[in-house]
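Under our numbering, the first residue of the sequence shown is numbered 14, with each subsequent residue one higher.
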Amino acid sequence: MSCFRLVNSLIATRPQTINSQNLRILARKTQQIQFGRSQSKLNTQEQDPNSNQSGAGSRHGNGTKTNGTLKLALLGTMLGAATGSVYTIYSNMSERDSHKEHEHKKPQIVANFPDGVRITKRYINPKDTSGLDIVLFQFQTCPFCCKVRAFLDFMGISYSVVEVDAVLRQDIRWSSEKKVPMVLIRQRDGQYVQMTDSSAIISLISTHLQDKKTDIGELAQYYPLTSFFDDDGKKKQDIMNKYFLMYREHTPKGVTKDIEENDRKWRTWADKHLVHLISPNCYQTMGEALETFEWFSLAGEWDLYFPKWERDLMVYCGATAMWAIAKLLKRRHALTDDVRSHMYDALDKWTKAIKKQNTKFMGGKQPGLSDLAVFGVLSSMEGCQTFKDCLQNTNIGKWFFDVKEIVDKNRGALIRERVKGQAPQV
14 MSCFRLVNSL IATRPQTINS QNLRILARKT QQIQFGRSQS KLNTQEQDPN SNQSGAGSRH
74 GNGTKTNGTL KLALLGTMLG AATGSVYTIY SNMSERDSHK EHEHKKPQIV ANFPDGVRIT
134 KRYINPKDTS GLDIVLFQFQ TCPFCCKVRA FLDFMGISYS VVEVDAVLRQ DIRWSSEKKV
194 PMVLIRQRDG QYVQMTDSSA IISLISTHLQ DKKTDIGELA QYYPLTSFFD DDGKKKQDIM
254 NKYFLMYREH TPKGVTKDIE ENDRKWRTWA DKHLVHLISP NCYQTMGEAL ETFEWFSLAG
314 EWDLYFPKWE RDLMVYCGAT AMWAIAKLLK RRHALTDDVR SHMYDALDKW TKAIKKQNTK
374 FMGGKQPGLS DLAVFGVLSS MEGCQTFKDC LQNTNIGKWF FDVKEIVDKN RGALIRERVK
434 GQAPQV
């Protein structure tokens, strides 16, 4: 079997397992094949008693053939050695960081609340029984931040907000993690556990609501950041179980395996598909991008929390950057020029799935975590032209405003902490 056929046979039989073990087999087989060919040629020469006879014909005939055979044998041996060397180099390079695969990085613990960070506002619900002290670092209209807020509001949990400048990000300079949403949740020992992934944040707090006897910091250890290598060999990190609730012995009554799996399925869909349709739709043109950021400024009350120059910087720099990024995202996710149609298709898929269940919400009579995830993503563009078009061209409106009504009703009272020209309210 030639090296080419050997590679083809490996690919044909197990196309997803060309790993270091396969390469080791390939190198060894290559050496064996080439050495076997060389040995066969040399044995043929030894068995031919006339191969070394003198004479013009012999020198120019059999002599040339012998020299060619020796060269072929030498070339085969060199090829086998080269293949083995290449594999050795590759193995050393690829395995140098192999010990880092599946490394677990536990959530960070912050000893004290960061100096200089100013609370923007608080939502206080007197009916909150969670016992949690939560500070949410956010961009008001970030889809992932909207997901976390929708969950906290629906659950009636009190929390504080730090509105982060999307350009300068001054209020998260203290953190090694530079993305939002980010939460600091006070542990029983007075320190704070830090979480940054929106779905993991929701799963952690949901778990706590079912197991309030266990400290939130202890529960957070069930959501480590895990390293892995993707198909291109690039090292990535993610919270692999972020869609799982750690019920342990406290599984709520009425929660079945099918319900949990369906919830995880649609929460994943919201993160992996729906959210990636937002930017290509809301920032199609520079004009639409500016209109979207003007609404962001209004919804986030940027004129209250930031100086005018900083507010304008966020609007114009943000709109320009997102207009450019939207083009890249459109190509990355293989969207056609008619990007609205992709959004309509996604929303139709969601509403048809709920209709098939014959329930008001995906979670049944009340919104579940998947409802809150999809609602949160869509609420991030509620004031944009894209959302208005969705209301006209899909059946999403009834479900969306039904969820919104419950979320708004359960949300705590707003208390502003940092309004320009005014003293903090208490």
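By construction, the Cβ of each residue, glycine as well, lies at the ideal position given by its N, Cα and C atoms.
Annotation for Pro-237: His-117, Lys-118, Lys-119, Pro-120, Ile-252 place their beta carbon closer than 8 Å to its own, counting only its chain and skipping 5 residues before and after. Fully contained in the region 116-189 are the following alpha helix (DSSP H) runs of length 4 or more, in chain order: 156-167. Check the Cα spacing between Glu-190 and each of Gln-207, Cys-155, Glu-176, Val-180: the tightest is with Gln-207.
Rounded to the nearest whole angstrom, the C-alpha separation of Asp-166 and Arg-186 is 27 Å. In the DSSP assignment, Lys-248 falls within the beta strand (DSSP E) that extends over 248-251.
For the pair of segments examined, the region 390-399 was found to touch the region 279-298: the number of CB pairs separated by less than 8 Å reaches three.
Setting aside the 5 residues that flank it on each side, Glu-304 is surrounded in the same chain by Cys-397, Gln-398, each with a C-beta closer than 8 Å to its C-beta; the list follows chain order. Bounds of any beta strand (DSSP E) do not take in Phe-374, whose DSSP letter is neither H nor E. The C-beta of Ser-354 has fewer than 16 other C-beta atoms within 10 Å across all chains shown, which makes the residue exposed. For Thr-154 and Phe-309, the gap between their C-alpha atoms comes out near 6 Å.
For Trp-412, the closest alpha carbon among the candidates Leu-149, Asp-384, Gly-203 is that of Asp-384. DSSP places Val-196 inside the beta strand (DSSP E), whose first and last residues are 195-199. Asp-244 is classed as exposed because its beta carbon has fewer than 16 other beta carbons within 10 Å across all chains shown. Judged by their CB atoms, Leu-287 and Ala-359 are nearer to each other than the 8 Å cut-off. Separation of Met-335 and Leu-181 (C-alpha to C-alpha, rounded to the nearest whole angstrom) is 16 Å. The region 324-333 makes no contact with the region 424-431: fewer than 3 CB pairs, one atom from each, lie closer than 8 Å. Pairing Ile-215 with Leu-382 gives a Cβ-Cβ distance under 8 Å. The criterion of a C-beta distance shorter than 8 Å is not satisfied by Met-195 and Leu-232. Using a 10 angstroms sphere on the CB of Gln-183, the tally of other CB atoms stays under 16, which defines it as exposed.
Between Val-420 and the set Gln-379, Ile-367, Lys-373, the nearest pair of CA atoms involves Gln-379.
Ranked by Cα distance from Asp-210, the first of Cys-158, Asp-228, Gly-313, Gly-376 is Cys-158. Inter-residue distance for Lys-278 and Val-268 is about 15 Å (C-alpha atoms, whole angstroms). For Thr-239, the uninterrupted beta strand (DSSP E) segment begins and ends at 238-242. Taking 8 Å as the cut-off, the Cβ atoms of Gln-204 and Ala-124 count as close. Of the candidates Val-390, Tyr-172, His-289, Tyr-172 places its Cα closest to the Cα of Ile-137.
Between Gly-377 and Ala-163, the beta carbon gap of about 17 Å keeps them out of contact (Cβ cut-off 8 Å).
Counting the other CB atoms within 10 Å of its CB gives Lys-340 a total below 16, which places it among the exposed residues.
Note on Pro-265: under 16 other CB atoms within 10 angstroms of its CB, so exposed under the neighbour-count rule.
For His-221, the closest of Asn-254, Phe-241, Arg-261, Asp-361 by C-alpha to C-alpha distance is Arg-261. When the beta-carbon positions are compared, Leu-149 and Ile-229 stay at least 8 Å from each other. For Asn-408, the CB contacts under 7 Å within the same chain, skipping 5 residues up- and downstream, are Thr-364 in chain order. Note on geometry: alpha-carbon atoms of Arg-424 and Leu-311 lie some 20 Å from one another.
Gln-405 and Ile-218 have their C-alpha atoms some 36 Å from each other. Contact between Val-175 and Thr-227 does not hold, since the beta-carbon distance rounds to 27 Å and is not under 8 Å.
By the neighbour-count definition (other C-beta atoms within 10 Å, threshold 16), Met-375 is a buried residue. For the pair Val-352 and Lys-401, the Cα-to-Cα distance works out to about 15 Å.
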